[in-house]
Amino acid sequence: MRTFCTSGPVDKKTCYYVKRPDIMAEALNHIENWRYFTVSAPRQSGKTTLLRDIVEKIKDKYITIFLSFEDYKNMKTEEEFIETFYEEIIEEAEKYNITLETKPQKIRMIKNIFEEIYKKTGKEVVLLIDEFEKLNNEEIMNTLLHVIRKIDYMDSYIDKNIANILHKAEKERDLIMKILFEPEEVKFSIYDERISYLYLHGLIDNCGGKCCIRVPLYYKALYARFKPKINGEKRYIINIYENLSKYFTKEGKLKINELMKKYIEYINKRGAVMFKGKKLYEGVYQYNLDIFLSTYMEELGGEVLTEVEVGGGRIDLLVRYKEEKYLIEIKRNPGPRKFQLAKKQLVEYLKRSGLKEGWLVIYSDAIEDFKHEIEEIDGVKINVWFIKTNFENPSKVN
828 MRTFCTSGPV DKKTCYYVKR PDIMAEALNH IENWRYFTVS APRQSGKTTL LRDIVEKIKD
888 KYITIFLSFE DYKNMKTEEE FIETFYEEII EEAEKYNITL ETKPQKIRMI KNIFEEIYKK
948 TGKEVVLLID EFEKLNNEEI MNTLLHVIRK IDYMDSYIDK NIANILHKAE KERDLIMKIL
1008 FEPEEVKFSI YDERISYLYL HGLIDNCGGK CCIRVPLYYK ALYARFKPKI NGEKRYIINI
1068 YENLSKYFTK EGKLKINELM KKYIEYINKR GAVMFKGKKL YEGVYQYNLD IFLSTYMEEL
1128 GGEVLTEVEV GGGRIDLLVR YKEEKYLIEI KRNPGPRKFQ LAKKQLVEYL KRSGLKEGWL
1188 VIYSDAIEDF KHEIEEIDGV KINVWFIKTN FENPSKVN
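Heads up, the sequence shown stops at 1225 in this note's numbering, and the numbers go up one at a time, no gaps.
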């Protein structure tokens, strides 16, 4: 039996709760457009619950820092405020396995924390402050508001930094593409002039003896710059007369396996053009599936995210539709050991994310035909899709 909540955040399982999609849409629009906003309403009208709902909506796309100024009402000095504020930021950052090295001494230096988080994760930071009015030191409040407003302009700094990184990467384009799309194949050696150049400029790092792009922000930018060009390919993916209802269950969840069946139809028609003769390090396989699923998600109202941090690691593709998440790991020509490790890795990601089903897509030039296998490991369902890549030359295909 539900009851009326008269204190604290609403427990939706035990209390009456009315959604406000209009307010939620307005809040999300402000966030997407880098605009700060305030939520004003009488006490016990659901402000805290709304903020927590916003966090749930955006936590995969953004780093969300949720603070409460409930205990800030007796702050006397800037030093006292900074100490408490910083401790709470650390606690929030730890939820994303982020260790902060920047400790501000003044309120005006708070933006350095968010710059560090952005650089380490490649994700924009959304700061939500509950009970803001409890901060009754006017001088501290005004200084903080001034800093928050200035943070709106951090994107210009970030753009300049990324432009510099891309400029450096262009000088070693082939090597960067190899590191991006065949990360296990390039050994790290400081004596290699090309590797040394990229390392000294902060583009790459030594990850267990292999070259890697450790900073997610840089990975995202480099992936976008050097991903394979498939201009005009979308017209082969989806038909304007296609009935999209077949991709949903009765409960309104996505049927990823139905999308994979459609993907195989697409590869059967276009695989010779898309795969044959391509340099493997161009990452054509992962990006091909990315663009296929993204094309459908644009129509279905979802989205596809690449290299998302989940369960203590990074998943290749995360499909998000409404409140549901679907994890997809991609491997190319794995041997028996790497194949088993890939399944084990995916299971760990799923368990830590509280999910019961995931997808492993294997691209291989050693198989003769496509196939789909289902395996249950530790109570988790793994869909393994094998995608063949050994096509005839395009000129020989009718």
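Cβ coordinates follow ideal geometry from the N, Cα and C atoms, glycine included.
{"Item": "Indicate whether at least one CB of chain C lies closer than 7 Å to the CB of I1194.", "Value": "Considering every chain present, this structure includes no chain C. It has just one protein chain."}
{"Item": "Classify Y945: buried if its beta carbon has 16 or more other beta carbons within 10 angstroms, exposed otherwise.", "Value": "buried"}
{"Item": "L1071 to M851, Cα distance in whole Å?", "Value": "27 Å"}
{"Item": "In terms of residues, what are the limits of the alpha helix (DSSP H) holding K1171?", "Value": "1163-1179"}
{"Item": "Cβ of R1159 within 7 Å of Cβ of Y1114?", "Value": "no"}
{"Item": "Can you say whether F1218 is buried or exposed, counting buried as having 16 or more other CB atoms within 10 angstroms of its CB?", "Value": "buried"}
{"Item": "Flag this pair as yes or no: are the beta carbons of L1187 and L1173 separated by less than 7 Å?", "Value": "yes"}
{"Item": "Do R1147 and E775 count as a contact pair if the criterion is CB distance below 7 Å?", "Value": "Residue 775 cannot be examined here, being either before or after the span of the chain that is shown, 828 to 1225."}
{"Item": "Which residue comes first and which comes last in the beta strand (DSSP E) that contains N1033?", "Value": "1032-1034"}
{"Item": "Which whole-angstrom value is the C-beta distance of I1313 and T929, which I expect to be below 8 Å?", "Value": "Residue 1313 is absent from the model: the chain starts at 828 and stops at 1225."}
{"Item": "Look up L1132 in the DSSP assignment and say whether it is helix, strand or coil.", "Value": "strand"}
{"Item": "Determine, using beta carbons only, whether L955 and F893 come nearer to each other than 7 Å.", "Value": "yes"}
{"Item": "Since Y1153 contacts I1083 with CB under 8 Å, what's their CB separation in whole angstroms?", "Value": "5 Å"}
{"Item": "Report the three-state DSSP secondary structure of K1223 (helix, strand or coil).", "Value": "Annotation note: pLDDT 46 at K1223 (below 50); position unreliable, coordinate value reported separately. Correct three-state label for K1223: helix."}
{"Item": "Anyone know if the C-beta pair for I890 and Y913 falls short of 7 Å?", "Value": "no"}
{"Item": "How many Å lie between I934 and F959 at the Cα?", "Value": "16 Å"}
{"Item": "Using only the alpha-carbon positions, how far apart do K947 and I916 sit?", "Value": "15 Å"}
{"Item": "From I1201, F1197, D1192, pick the residue whose C-alpha is nearest to that of K1170; which is it?", "Value": "I1201"}
{"Item": "Taking DSSP's pairing of strands, which residues face E1184 in a bridge?", "Value": "K1208"}
{"Item": "What is the residue span of the alpha helix (DSSP H) that F908 lies within?", "Value": "905-921"}
{"Item": "What does a CB cutoff of less than 7 Å around E943 pick up in its chain, not counting 5 residues either side in sequence?", "Value": "L927, E928, T929"}
{"Item": "Tell whether a beta-carbon distance below 7 Å holds between A996 and L962.", "Value": "no"}
{"Item": "Using the three-state DSSP reduction, which class does K950 fall into: helix, strand or coil?", "Value": "coil"}
{"Item": "DSSP state of G1029, grouped into three classes?", "Value": "coil"}
{"Item": "Can you list, in chain order, the residues of its chain whose CB lies under 8 Å from that of D1205, leaving out five sequence neighbours each side?", "Value": "V1174, K1178"}
{"Item": "Taking buried to mean at least 16 other C-beta atoms within 10 Å of its own C-beta, is R1164 buried or exposed?", "Value": "exposed"}
{"Item": "Cβ of V1013 within 7 Å of Cβ of I1003?", "Value": "no"}
{"Item": "Work out the CA separation of R1021 and E999 for me, nearest whole Å.", "Value": "7 Å"}
{"Item": "Please look up how many angstroms separate the CB atoms of F1075 and Y1093, rounded, as I've assumed it's under 8 Å.", "Value": "The Cβ separation is near 20 Å, so there is no contact."}
{"Item": "Taking C-beta to C-beta, are I885 and A854 nearer than 7 Å?", "Value": "no"}
{"Item": "Look at the alpha carbon of Y1045 and the alpha carbon of C842, and state the distance between them as a whole number of angstroms.", "Value": "45 Å"}
{"Item": "According to DSSP, simplified to helix, strand and coil, what is G1079?", "Value": "coil"}
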